Amino acid sequence: MRENVIEEMRQMQQDGETKRKMLEMLKRVHLEEETNDAEVDDEFEDSMLSQETIQKVLSGNDLNLEDLSPEERKQFQRAITSGVLSKMIEPWEPWWLKPSARAISLRQDGTQLVRPVDDQASSETSLSEIPPGPETPLLLLCELTSRDPSPLLPVHLLDVLYSYCFTLRLYNGDWRCDPLGAAMVVLSVSAILEEGRQPATVPEALGHCLARTCSSEYKHAGGLRLGQILLDDTMGLLFLGSDALVCLLCDLQRLILAGGTMLRSEKMRKEKNVEARSKLRRADKKVYFLMCWANEQPGEAWSSLASLVEVEKASMAAIEEARNLTKEPRRKPLIEEL
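Just so we're aligned: the sequence shown equals residues 70 to 407 in this note's numbering.
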């Protein structure tokens with residue numbers, strides 16, 4: 070993998086074409102941010118709870134997501150996604166930023182060194198804890214395929230890491246509150262998992278993810294500022310090494326499988342249900358393959374890949390700064406109406 074990363078670094082000399090594409094993407098992001106900021110209050114006003122639900126709350130009863138009607142649940146999840154409820158929620162600290170993340174250690178086959186005795190306790194991992202690794206040994210790549218792994222797998226991994234980090238930040242760390250919704254967010258951001266696309270370069274992969282997370286669909290999640298944070302998240306995870314990446318991919322696989330389980334209980338149109346289940350199955354297989362591949366990579370390869378992300382982040386920041394400098398200031402009218 071190291072040779073592939075080094076070759077990618079050579080190709081990332083920012084030529085005019087790459088800069089042009091990145092500038093176009095940043096322009097699209099700014100345009101969407103400027104033209105999509107007036108609808109949230111109206112949506113929230115329409116998301117009133119039923120009298121029955123309000124009475125439960127007033128009576129002091131605990132209210133779970135399952136207690137809401139399908140329409141109330143939909144409105145509540147829309148309010149979370151739009152950011153309306155963000156001020157009411159205690160900020161979540163990502164597990165990969167905690168000091169304990171630097172001490173993650175798995176066996177050579179990817180399994181945990183220490184497993185909890187209580188299976189129920191282990192399945193309900195606290196939001197502040199490191200997600201556990203695989204419970205069964207990971208297969209070797211040679212057992213999964215007879216061909217050599219694609220040299221584009223490092224690029225694909227960046228796409229998946231970025232998508233996972235965005236989803237967890239969007240759900241404040243708790244994807245279990247809505248596994249299906251979280252799985253759909255991952256698919257909507259990731260070109261690899263949702264569309265089966267094959268981005269060939271780091272700018273292409275990260276540019277797609279950034280454009281999706283800054284789109285009108287997630288306009289209140291944080292925009293470009295959050296996009297920069299997600300690039301830092303991606304770099305930080307790479308510096309943590311293979312064991313942390315395996316734990317992340319294992320958590321993502323749990324998320325996708327839980328989303329699939331929830332989907333089977335949802336009342337959706339048959340064609341839509343079949344299509345979504347097919348996408349989740351493909352995503353599950355891709356994530357597992359990446360997990361097995363990451364487990365076999367040497368530690369030094371990740372720092373090289375992280376440096377590519379750092380170059381891309383610096384390039385985006387430079388283009389953004391240049392764009393702001395060249396933006397014409399608004400002229401004041403010569404005559405103002407009194």
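Note that the Cβ used here is the ideal one computed from N, Cα and C, for glycine as well.
These numbers were taken from a predicted model, which means no experiment stands behind them.
Checklist entry - DSSP state of L208, grouped into three classes? => result In the displayed model, L208 falls within coil according to three-state DSSP, outside both helix and strand.
Item to check | Validate contact between the region 290-309 and the region 210-222 using beta carbons, cut 8 Å, 3 pairs | outcome: In the pairwise beta carbon analysis, the region 290-309 is classified as not touching the region 210-222: fewer than three pairs are separated by under 8 Å.
Checklist entry - When you compare each of C234, G328, I199 to G174 by their alpha carbons, which one comes out closest? => result Sequence check: residue 174 is Ser here, not Gly. Closest by alpha carbon: I199.
Item to check | Close beta carbons around A363, own chain, < 8 Å, minus the five adjacent residues each side | outcome: Excluding residues within five positions, the ones whose Cβ falls inside 8 Å are L226, S311, L314, V315, L318.
Next on the checklist: Beta-carbon within less than 7 Å of S169's beta-carbon, same chain only, minus the 5 sequence neighbours each way: which residues are those?
Outcome noted: Answer for S169: I199, listed in chain order.
Checklist entry - How long is the line joining the alpha carbons of K341 and S347, rounded to whole angstroms? => result Straight-line Cα distance between these residues: approximately 10 Å.
Next on the checklist: According to DSSP, simplified to helix, strand and coil, what is L182?
Outcome noted: Reduced to three states, the DSSP call for L182 is coil.
Checklist entry - So T236 packs on V254, CB below 8 Å; how close in whole Å? => result Right, their Cβ atoms sit about 5 Å apart.
Checklist entry - Under the three-state reduction of DSSP, which class applies to L221: helix, strand or coil? => result L221 falls in the coil class under three-state DSSP.
Next on the checklist: To the nearest angstrom, how far is the alpha carbon of D353 from that of L324?
Outcome noted: The alpha-carbon atoms of D353 and L324 are separated by roughly 9 Å.
Checklist entry - Considering only the beta carbon of each residue, do A251 and T303 sit closer than 9 Å? => result Taking 9 Å as the Cβ cut-off, A251 and T303 do not qualify as a contacting pair.
Item to check | R350, buried or exposed, once every other Cβ within 10 Å from all chains shown has been counted against 16 | outcome: Label assigned to R350: exposed.
Next on the checklist: Can you give me the C-alpha to C-alpha distance between L307 and K382, rounded to a whole angstrom?
Outcome noted: So the alpha carbons of these two residues sit roughly 15 Å apart.
Next on the checklist: Whole angstroms are fine: how far does the CA of P272 sit from the CA of V229?
Outcome noted: Straight-line Cα distance between these residues: approximately 14 Å.
Checklist entry - Would L207 pass as a contact of T180 if the rule is Cβ separation under 9 Å? => result Yes, these two residues count as a Cβ contact at 9 Å.
Next on the checklist: Distance check for P163 and A386, CA to CA, integer angstroms please.
Outcome noted: Each residue's alpha carbon lies about 24 Å from the other.
Checklist entry - Using the C-alpha atoms, what's the distance from S334 back to E140? => result Their backbone Cα atoms lie some 16 Å apart in a straight line.
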